[in-house]
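Chains A and B are the protein sequences, given in the same order.
Numbering-wise (our numbering), the first sequence opens with residue 1 and increments by one.
Numbering-wise (our numbering), the second sequence opens with residue 395 and increments by one.
There are 2 protein chains.
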Amino acid sequence: MLDYPNFSFDVKARDKKSGARIGELKTPHGTIKTPNYIFCGTKATVKNLSPCQLKEAQTDIILSNTYHLMLQPGANLIESIGGLHKFMNWDKPMLTDSGGFQVFSLGEGTMANEIKGKNNKSNYNKNLISITEEGCVFKSYFDGRKIKLTPEYSMEIQRKLGADLLMQFDECTPYHVDKDYTARSMEMSIRWGDRCLTEFARHDNGAQALYGIVQGGVYSDLRKFSAEYTKDRPFFGTAIGGCLGGSDEEMHGVVASTVPYIHADRPVHFLGIGRIKDVFRFVRLGVDTFDCVIPTRLARHGSAYIKGEPKETINLKNSRYRDDQTPLDENIDIPASQKFSKAYIHHLLKANELLATQILAQHNVATINMLMRELREAIKTSTLDELEKVWLRK
Amino acid sequence: MLDYPNFSFDVKARDKKSGARIGELKTPHGTIKTPNYIFCGTKATVKNLSPCQLKEAQTDIILSNTYHLMLQPGANLIESIGGLHKFMNWDKPMLTDSGGFQVFSLGEGTMANEIKGKNNKSNYNKNLISITEEGCVFKSYFDGRKIKLTPEYSMEIQRKLGADLLMQFDECTPYHVDKDYTARSMEMSIRWGDRCLTEFARHDNGAQALYGIVQGGVYSDLRKFSAEYTKDRPFFGTAIGGCLGGSDEEMHGVVASTVPYIHADRPVHFLGIGRIKDVFRFVRLGVDTFDCVIPTRLARHGSAYIKGEPKETINLKNSRYRDDQTPLDENIDIPASQKFSKAYIHHLLKANELLATQILAQHNVATINMLMRELREAIKTSTLDELEKVWLRK
Numbered sequence: 001m002l003d004y005p006n007f008s009f010d011v012k013a014r015d016k017k018s019g020a021r022i023g024e025l026k027t028p029h030g031t032i033k034t035p036n037y038i039f040c041g042t043k044a045t046v047k048n049l050s051p052c053q054l055k056e057a058q059t060d061i062i063l064s065n066t067y068h069l070m071l072q073p074g075a076n077l078i079e080s081i082g083g084l085h086k087f088m089n090w091d092k093p094m095l096t097d098s099g100g101f102q103v104f105s106l107g108e109g110t111m112a113n114e115i116k117g118k119n120n121k122s123n124y125n126k127n128l129i130s131i132t133e134e135g136c137v138f139k140s141y142f143d144g145r146k147i148k149l150t151p152e153y154s155m156e157i158q159r160k161l162g163a164d165l166l167m168q169f170d171e172c173t174p175y176h177v178d179k180d181y182t183a184r185s186m187e188m189s190i191r192w193g194d195r196c197l198t199e200f201a202r203h204d205n206g207a208q209a210l211y212g213i214v215q216g217g218v219y220s221d222l223r224k225f226s227a228e229y230t231k232d233r234p235f236f237g238t239a240i241g242g243c244l245g246g247s248d249e250e251m252h253g254v255v256a257s258t259v260p261y262i263h264a265d266r267p268v269h270f271l272g273i274g275r276i277k278d279v280f281r282f283v284r285l286g287v288d289t290f291d292c293v294i295p296t297r298l299a300r301h302g303s304a305y306i307k308g309e310p311k312e313t314i315n316l317k318n319s320r321y322r323d324d325q326t327p328l329d330e331n332i333d334i335p336a337s338q339k340f341s342k343a344y345i346h347h348l349l350k351a352n353e354l355l356a357t358q359i360l361a362q363h364n365v366a367t368i369n370m371l372m373r374e375l376r377e378a379i380k381t382s383t384l385d386e387l388e389k390v391w392l393r394k
Numbered sequence: 395m396l397d398y399p400n401f402s403f404d405v406k407a408r409d410k411k412s413g414a415r416i417g418e419l420k421t422p423h424g425t426i427k428t429p430n431y432i433f434c435g436t437k438a439t440v441k442n443l444s445p446c447q448l449k450e451a452q453t454d455i456i457l458s459n460t461y462h463l464m465l466q467p468g469a470n471l472i473e474s475i476g477g478l479h480k481f482m483n484w485d486k487p488m489l490t491d492s493g494g495f496q497v498f499s500l501g502e503g504t505m506a507n508e509i510k511g512k513n514n515k516s517n518y519n520k521n522l523i524s525i526t527e528e529g530c531v532f533k534s535y536f537d538g539r540k541i542k543l544t545p546e547y548s549m550e551i552q553r554k555l556g557a558d559l560l561m562q563f564d565e566c567t568p569y570h571v572d573k574d575y576t577a578r579s580m581e582m583s584i585r586w587g588d589r590c591l592t593e594f595a596r597h598d599n600g601a602q603a604l605y606g607i608v609q610g611g612v613y614s615d616l617r618k619f620s621a622e623y624t625k626d627r628p629f630f631g632t633a634i635g636g637c638l639g640g641s642d643e644e645m646h647g648v649v650a651s652t653v654p655y656i657h658a659d660r661p662v663h664f665l666g667i668g669r670i671k672d673v674f675r676f677v678r679l680g681v682d683t684f685d686c687v688i689p690t691r692l693a694r695h696g697s698a699y700i701k702g703e704p705k706e707t708i709n710l711k712n713s714r715y716r717d718d719q720t721p722l723d724e725n726i727d728i729p730a731s732q733k734f735s736k737a738y739i740h741h742l743l744k745a746n747e748l749l750a751t752q753i754l755a756q757h758n759v760a761t762i763n764m765l766m767r768e769l770r771e772a773i774k775t776s777t778l779d780e781l782e783k784v785w786l787r788k
């Protein structure tokens, strides 16, 4: 039986006004406080940030993508070098996803729109060759070869990668499919979840812990069914995945109809969602960890998170910053936030200089980490509303 | 009269077997030991390296290019923000060139080939509209507008940028022009040098120091004439510029025929030259500082300097590094050199991840700085030959 002896999750305090909670999630690579934010190191690197820079920005945990790493450099190579932690020189907690999200989105970006209901065209599954009970077959973006990904194979790859927190393999359904398809898909994800648990248990040596994923699209009865399934099985944690609807309200409804039925004592991860307003919204429903590419992606587009900015970010490419001598945020104790004027970053962006990305990425990661620290404090003192007002000037 | 009260250059020891010397070059932003290497921060940034990372790599001095900065963001903007040091957050010594090299090369890379005699085609001066006694007119690569650059204007821009060490404005002649053109050009550079001195003196407040540049192409009589001119004038230092010939031997001949005629007590800078073998060759002729884009450019192409590698570098893109678990150089005390396997850097390069550039650039800068420290020690003990054998396994 799976009992995850080297892992634990303890709720330490609860908000008096919402479902928000603060907790401690223990892994073999250290304990993180929750709520927390898991930064995306898709191809075994958070884009243009070294592990040192991530730590300077007070990062506790990152993730890598099974799908990208299985194609290049391959799980066997990473295993032979001692696993992902050693490979990328990151000694703190780490998560890998199952590869499912990317397989079902292939073509990149499509699925991200799908889960937010922004895309009704069927350009979904462009390189996906087949989905059967056994698993799915897809064409590698890297070299065109056909690859079969099954629940067992996803577990094998994630075992070789060696992250602390693993995800079950699931089908991630898009927005445009109907309830019937969503229901059948969710049922298959449940069977895949069981196969993942069996395969995981076969090799379990205490070094890793497995999350189940709640699917069911925008249908509350399906979400309830899927949530209860994960609760009944010996997963360490619960992740919320799949299509979440076309608006903030619909997304809120989906999560609100899921959370009451999941295991109350397990950590809850929200897959792929992480704007500041999302974080405020969903910690109140009891979400413990978030992940999203947005902090580093925004950096590559010239945007910086600013505490107190209603739109969350400012874009340094804007000519208004041409001679702005103020730093990004003098309250964040790293050179990226304190030592460079907006005018300098504006210049770097205009000159296409990579240092701009580096400065903005580190600042954005540091800002989100500051947000999470302040959130945890606000949950303890039941002052989330007040904190949200400061951050989003609501 | 120019006396540079806040600057000094003192020769501290000499090699018993060559013209190599160690010295101390004092500027208002600190004193550097020589021989030293000046890393290129063309557009007010050493590509993808922050000032922190440069300091971690034990960098003493960097340069920026007048030509690029006058076009974007402009010298007035940088002056209004407090100068280049403050703009880019670099508080140690800094040099700016005169803009001449880029004006006369325009089209980038052309002149670099020209000074090494690698290009006989006349694609020289593509965007250069005119060269007259007054100065030159060229078309901005940035926005197409016509710009006139004169000795006085170069001084004005460099004064506004605020670096410690400045260069006179000169015409940088290519390889394919004949001796007559080279002679007339050198004579004009001499007159431009005098105009630079006059303009510099008019605004001198002790914060900056001016170098004269020796021109004269590959012709030893012209080099002698130009060298004697710089010696006679109140420049703080001497730079060697212009066409240096088509082979290592010719380049050596040009410098050897120049050095005896320059001012022996002034620092000698070699413009734009900086392979490891060049450094070994030319410190022996008495060169005190080098600059070259090559350490960071090589990084962007996937190459790392390795001490003891006869070809100076290895290319991490090569498939032989696919599963190489060794770090770049465990004797260099920064994570970039010690903490990432060659296999990881190979993976990052294959995945087009920016972190590869950052790691390799910092490693290359740190390696060159280690070379310069070891060179200074070897000059003190007259063991340059032995050190060269270790570095280039000769």
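For glycine and all other residues, C-beta sits at the position ideal for the given N, C-alpha and C.
Here the structure is a predicted model, which means the values were calculated and not measured.
Taken in chain order, the whole beta strand (DSSP E) runs of length 3 or more contained in the stretch 117-199 of chain A are 128-131, 136-139, 146-149 and 165-167.
Spatial neighbours of Ile-426/B in its own chain (CB-CB distance under 7 Å, excluding positions within 5 residues in sequence) are listed in chain order as Leu-419, Asp-454, Ile-455 and Pro-487. Just so you know, the alpha carbons of Asp-685/B and Ile-667/B end up roughly 6 Å apart. If you check the CB distance, Asn-442/B and Thr-751/B come in under 8 Å. The residues Tyr-461, in chain order, have a CB closer than 6 Å to that of Gln-496/B in the same chain once the five nearest residues on each side in sequence are set aside. Against chain A, the CB of Ala-693/B has no partner CB under 8 Å away; the residue lies outside that interface. If the five residues before and after Pro-661/B are omitted, its C-beta is found closer than 6 Å to the C-beta atoms of Phe-403, Leu-419, Gly-631 and Asp-682, all from its own chain and listed in chain order. Cα atoms of Tyr-153/A and Leu-128/A: separation of roughly 17 Å, rounded to the nearest angstrom.
Met-370/A is outside the set of residues whose beta carbon lies under 8 Å from a beta carbon in chain B.
Along the stretch 670-690 of chain B, there is no position whose C-beta sits under 7 Å from a C-beta of chain A.
Contact note: Asn-483/B reaches chain A through Pro-335, Lys-339, Phe-340 and Tyr-344, using a C-beta cutoff of 8 Å and chain order. Under the DSSP definition of a beta bridge, Leu-769/B lacks any partner. The contact set of Thr-45/A on chain B, defined by CB atoms closer than 7 Å, consists of Leu-742, Glu-747 and Leu-749 in chain order. With at least 16 other beta carbons inside 10 angstroms of its own, Met-482/B counts as buried. As DSSP reads the structure, Ser-64/A sits in a beta bridge with Thr-96/A. Pairing Glu-644/B with Ile-584/B, the inter-Cα distance amounts to about 24 Å. Asn-48/A reaches chain B at Asn-442, Glu-747, Leu-748, Leu-749, Thr-751 and Gln-752, counting residues in chain order whose Cβ is nearer than 9 Å. Only those residues of the stretch 56-71 of chain A whose C-beta falls short of 7 Å from the nearest C-beta of chain B would be listed, and there are none.
Interface flag for Gln-719/B against chain A is set, since a Cβ pair is found closer than 8 Å. Spanning the alpha carbons of Ile-131/A and Asp-232/A requires a straight line of approximately 26 Å. A Cβ-Cβ distance of about 24 Å is found for the pair Arg-596/B and Val-608/B, leaving them out of contact under the 8 Å criterion.
Remark: C-beta atoms of Val-365/A and Leu-54/A approach each other more closely than 8 Å. Close to Ser-80/A, with beta-carbon spacing below 7 Å, are these residues of chain B in chain order: Asp-717. Ser-319/A sits in a helix when the DSSP states are folded into three classes. For Leu-375/A, no CB of chain B lies under 8 Å from its own CB, so it is not counted at the interface with that chain.
In this structure, Pro-310/A sits near Leu-392/A, with a CB-CB distance shorter than 8 Å. Boundaries of the alpha helix (DSSP H) harbouring Thr-624/B: 614-626, taken from the DSSP string.
Shown here, Thr-428/B sits in a strand according to DSSP, grouped into three states. Chain B places no beta carbon closer than 8 Å to that of Leu-328/A, leaving this residue out of the contacts. Spatial neighbours of Gly-435/B in its own chain (CB-CB distance under 6 Å, excluding positions within 5 residues in sequence) are listed in chain order as Ile-456 and Ser-458. Counting along the chain, the unbroken beta strand (DSSP E) around His-663/B starts and ends at 662-664.
Non-local beta-carbon contacts of Arg-539/B in its own chain, meaning distances under 8 Å to residues more than five positions away in sequence, involve Lys-533 in chain order. Annotation: Leu-69/A to Asn-76/A spans about 10 Å, alpha carbon to alpha carbon. With fewer than 16 other Cβ atoms from the protein chains shown falling within 10 Å of its own Cβ, Gly-206/A counts as exposed.
Boundaries of the beta strand (DSSP E) harbouring Leu-210/A: 209-214, taken from the DSSP string.
Secondary structure note for Thr-27/A: its beta strand (DSSP E) is the uninterrupted segment 21-27.
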